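Residue numbers (this note's numbering): 433 to 831.
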């Protein structure tokens, strides 16, 4: 008589009544061996009192350590339509409103200095793609990382292996940003075809022309594929179709300032640890976080287009000459302090708390009402402005 040893059941039918796989295990299967969120708590897009315990890691370049801060300022009734000067303190060295995560990949062989970069702020549906033809020191890539000010970098595991003698780009990032968290993931997730497919699905119609630009940008699309999978499976955020602003950023008409020069010149951080001494701290009188982010980026990567510079100078000159216009604009712009938070409505959390979601939506309705009430008032104030920029803004507000 033949005796067959009993073994585990085989085939699909044998597992038809199997157990449910927990969500954490699903993530482990998608990203084997790597626990993305072990050191970085998951970011929540909710706000208000119900989410007061949600924390987001922050990279503080002044002290070179990782700290945590609240993810979103409260959008309670008291904060809507009013301005709290403590919300954007003058001279802070790090961008307190940024939760940027970037993915990096680089070519091999003859293309080893070709770097693809994708960056997204977890608070806003805004995806940035870059493909940089760099030199052996990767100075342009490091400068771009410094401008984006990320809290985490995703890189292929093959670039992070043998940490002491690994990829030069990996070692350069660890050397220049020694407190920045670098997460290695499998190279299989850096897939150009997947990146293009996701981009076509998510890109808003008014930015759809970016597809023509990035079609041949293999490394940028590969980085985007890994980044979007990370956002979905680790941060548990899903973007609505046709809701994401996707932009390909080159470096036309801009001046590149390397990291060492930026530190020596104290552009955004003072060497003496006194934040007000830096150029950013001196110039930062911005009334909104959007304005401060723009100022920081313009200082680190200033434009060199003479026509644009002269146009901005003439606009500022009109504001200086017409003090009544400037004085009338400031309180109205202050009331638009939280307008950028409305962009998070395009983000759908996978794990929804009904109470938190209801509170968030109520706060956003109040914020939206406050912004809409401000638009006619802002348009009326700009009537006195004669500069082409003010004329253009009036047309935009009217439409």
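The beta-carbon is built from N, C-alpha and C at its ideal position, and this holds for glycine as well.
Fair warning: this is a prediction, and the values are worked out from it, not measured in the lab.
{"Check": "Residues bridged to residue 548 (per DSSP)", "Outcome": "537 and 563"}
{"Check": "Residue 569 burial status per 10 Å Cβ neighbour count (16 or more: buried)", "Outcome": "exposed"}
{"Check": "Anticipated Cβ contact below 8 Å, residue 537 with residue 655, distance rounded", "Outcome": "5 Å"}
{"Check": "Whole-angstrom distance between residue 576 and residue 608, CA atom to CA atom", "Outcome": "12 Å"}
{"Check": "The region 799-817 / the region 756-771 touching (three or more Cβ pairs under 8 Å)", "Outcome": "yes"}
{"Check": "Beta-bridge pairing of residue 769 - partner residues as DSSP gives them", "Outcome": "DSSP lists no partner for residue 769."}
{"Check": "Unbroken stretches of the beta strand (DSSP E), 3 residues or longer, contained in the region 652-722", "Outcome": "669-671 and 677-680"}
{"Check": "Sub-8 Å separation of residue 678 and residue 642 beta-carbons", "Outcome": "yes"}
{"Check": "As assigned by DSSP and simplified to three states, the class of residue 558", "Outcome": "strand"}
{"Check": "Close beta carbons around residue 680, own chain, < 6 Å, minus the five adjacent residues each side", "Outcome": "561, 642, 645 and 646"}
{"Check": "Among 725, 587, 551 and 544, nearest to residue 676 - alpha-carbon criterion", "Outcome": "551"}
{"Check": "Helix, strand or coil at residue 615 [DSSP, three-state]", "Outcome": "strand"}
{"Check": "Contacting residues, own chain, Cβ-Cβ under 8 Å from residue 738 (five flanking each side not counted)", "Outcome": "none"}
{"Check": "Contact the region 726-742 vs the region 815-825: 3+ CB pairs below 8 Å", "Outcome": "no"}
{"Check": "Whole runs of the alpha helix (DSSP H) within the region 732-804, excluding any shorter than 4 residues", "Outcome": "738-753 and 755-766"}
{"Check": "N- and C-terminal bounds of the beta strand (DSSP E) containing residue 593", "Outcome": "Here residue 593 belongs to no beta strand (DSSP E), and DSSP marks it neither H nor E."}
{"Check": "Local conformation of residue 588 per DSSP, three classes", "Outcome": "strand"}
{"Check": "Span of the alpha helix (DSSP H), counted from its first residue to its last, around residue 820", "Outcome": "820-830"}
{"Check": "CA-to-CA distance, residue 728 to residue 683, given in whole angstroms", "Outcome": "16 Å"}
{"Check": "Span of the alpha helix (DSSP H) around residue 637", "Outcome": "Where residue 637 is concerned, there is no enclosing alpha helix (DSSP H), given that its DSSP letter is neither H nor E."}
{"Check": "Sufficient close CB pairs (3 or more, under 8 Å) joining the region 649-669 to the region 624-637", "Outcome": "yes"}
{"Check": "Residues near residue 664 by beta carbon distance below 7 Å, same chain, minus five either side", "Outcome": "670"}
{"Check": "Whole-angstrom distance between residue 532 and residue 547, CA atom to CA atom", "Outcome": "18 Å"}
{"Check": "Residue closest to residue 638, alpha-carbon to alpha-carbon, out of 789, 751, 674 and 695", "Outcome": "674"}
{"Check": "For residue 686 and residue 586, the rounded distance between their alpha carbons", "Outcome": "26 Å"}
{"Check": "For residue 646, three-class secondary structure by DSSP", "Outcome": "helix"}
{"Check": "Beta-carbon proximity of residue 582 to residue 779, cut-off 8 Å", "Outcome": "no"}
{"Check": "Per-residue burial, residue 540 [other beta carbons within 10 Å of its own, 16 or more giving buried]", "Outcome": "exposed"}
{"Check": "Element boundaries [alpha helix (DSSP H), containing residue 578]", "Outcome": "571-580"}
{"Check": "Spatial neighbours of residue 810 in its chain, beta-carbon cut-off 7 Å, leaving aside the 5 residues before and after", "Outcome": "764 and 829"}
{"Check": "Alpha-carbon to alpha-carbon, residue 579 and residue 826", "Outcome": "31 Å"}
{"Check": "Same chain only: Cβ atoms within 6 Å of residue 573, ignoring 5 sequence neighbours per side", "Outcome": "547, 564 and 566"}
{"Check": "Beta-carbon gap between residue 652 and residue 751 smaller than 8 Å", "Outcome": "no"}
{"Check": "Beta-carbon spacing of residue 711, residue 698 below 8 Å", "Outcome": "yes"}
{"Check": "Among 757, 760 and 793, the one whose alpha carbon lies nearest that of residue 858", "Outcome": "For the chain, the structure presents residues 433 to 831; residue 858 sits outside this window and is missing."}
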